[in-house]
Each structure stands twice: as C-alpha cells, then as structure tokens.
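Since the structure comes first, as structure tokens, the remarks are kept for the end.
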Amino acid sequence: MTRTLTPLLAALLLATMPIAHAAPPAEAAAPAAATDEAKVVYHINDASVARAAMNNINNELNASPTDKIVVVAHGKGIDFLLNDAKDDKGAYESQVAALKNRGVDFRVCNNTLHARKLGPDAVIMEAKVVPSGVAELARLQAKEGYVYIKP
Numbered sequence: 001m002t003r004t005l006t007p008l009l010a011a012l013l014l015a016t017m018p019i020a021h022a023a024p025p026a027e028a029a030a031p032a033a034a035t036d037e038a039k040v041v042y043h044i045n046d047a048s049v050a051r052a053a054m055n056n057i058n059n060e061l062n063a064s065p066t067d068k069i070v071v072v073a074h075g076k077g078i079d080f081l082l083n084d085a086k087d088d089k090g091a092y093e094s095q096v097a098a099l100k101n102r103g104v105d106f107r108v109c110n111n112t113l114h115a116r117k118l119g120p121d122a123v124i125m126e127a128k129v130v131p132s133g134v135a136e137l138a139r140l141q142a143k144e145g146y147v148y149i150k151p
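Residue numbers (our numbering): 1 to 151.
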C-alpha cells in the first residue's frame, strides 16, 4: 500500500505546485507607491476655465507632489498667460507663478500669438512659447506618454 500511496502523493504535490506559485489576483496587488510620477498635460483653449484648471493642478500636486505637469494653452486659452491678465478674482500671474515654483510648465501657442498679432513679449515670463499648441499636445501624449486632461 505504501508503494501505491507514495507515487500518488508525489503526483498530487506536483499537480498543486503551479497553484501555490500562481500570482495573486490583480485586486490584491499592492497599490502604486505615492512617489510614482504621473505625467499630465492640461489643455486650456478657453481662459474662463484657467482658474479652475489651476486649482485642479494645485490639488493634484497636493495629492501627488512628484507628478510632472504641463499646461498647454492655445486660442482663447492663452489670455490668462498674457502680461497683466486678470479676471474678476484678480491677476492670474501670482497663481501661475506659484504653480511654476511647484514645477508646472506653462506653454503658449505661437500660432495663436501670430494670429492675434502678438509677439512673445506679450506672454508672462513663467510661460514658454511653443510653435503650435495642438502639435505640443500631440507630441506630449504620443512621444512622452503624458495623459490628457481637459478641464
């Protein structure tokens, strides 16, 4: 009887080994570390959402301080990045400067500047002029792996 049980137990052990070494289910995987960096591009083509977008960015950085954030503005969205720009709540520049100090990059579409007959000197110093806002959005997503947010 021992001769029959030994091969049977060995076969049973071999059959259950893959189950014991299987990866845990996806829901049991450890959550991403808080230091994981996300790359996010915010698309602004209407300055009326700029303040809310900057509040969202601030909230994102409070939750995920290592995130890499780029704001790309074109069309009417560049208005908040022009010198002396303000709305009913005041000037935008201090909020932009605070986010810039936290590592946020602001980019303004040169095509929009050209269409509106504005030079790069019309843009606040915290923002960088790029050749095309739409091309910059596409490049960041396709070539650099940024996720897209449209506030």
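Where a beta carbon is used, it is the ideal one built from N, C-alpha and C, also for glycine. Keep in mind that this is a model prediction, so the values were computed, not measured.
Asked, Found
"How should residue 112 be labelled, buried or exposed, when 16 other C-beta atoms within 10 angstroms of its C-beta is the threshold for buried?", "buried"
"So, using beta-carbon positions, are residue 96 and residue 136 closer together than 8 angstroms?", "no"
"How big is the Cα-Cα spacing for residue 87 and residue 108?", "19 angstroms"
"Between the region 113-120 and the region 35-50, are three or more C-beta pairs nearer than 8 angstroms?", "no"
"Under three-state DSSP, which class holds residue 23?", "Residue placement at residue 23 cannot be trusted, given a pLDDT of 49 that sits under 50; what the coordinates show is reported in the next sentence. It is coil, neither helix nor strand."
"On the DSSP letters alone, give me the boundaries of the beta strand (DSSP E) that residue 56 sits inside.", "No beta strand (DSSP E) holds residue 56; the alpha helix (DSSP H) holding it covers 50-63."
"Where does residue 77 fall in DSSP's three states?", "helix"
"Rounded to the nearest angstrom, how far is the Cβ of residue 71 from that of residue 106, given a contact under 8 angstroms?", "5 angstroms"
"Nearest to residue 75 by alpha carbon, out of 140, 134, 150?", "134"
"Can you give me the start and stop residues for the beta strand (DSSP E) that residue 45 sits inside?", "39-46"
"My guess is that residue 58 and residue 99 are in contact by the Cβ rule of under 8 angstroms, so how many angstroms apart are they, rounded?", "7 angstroms"
"For residue 28 and residue 36, what's the separation of their Cα atoms in angstroms?", "Caution applies to residue 28, whose pLDDT of 46 falls short of 50 and renders its modelled position unreliable; the value that the coordinates give is listed next. Roughly 19 angstroms between the two C-alpha positions."
"Could you check what DSSP says for residue 118 in three-state terms: helix, strand or coil?", "coil"
"Give me, in chain order, the residues of the same chain whose beta-carbon lies closer than 8 angstroms to that of residue 104; leave out the 5 immediate sequence neighbours on both sides.", "57, 61, 69, 70, 71"
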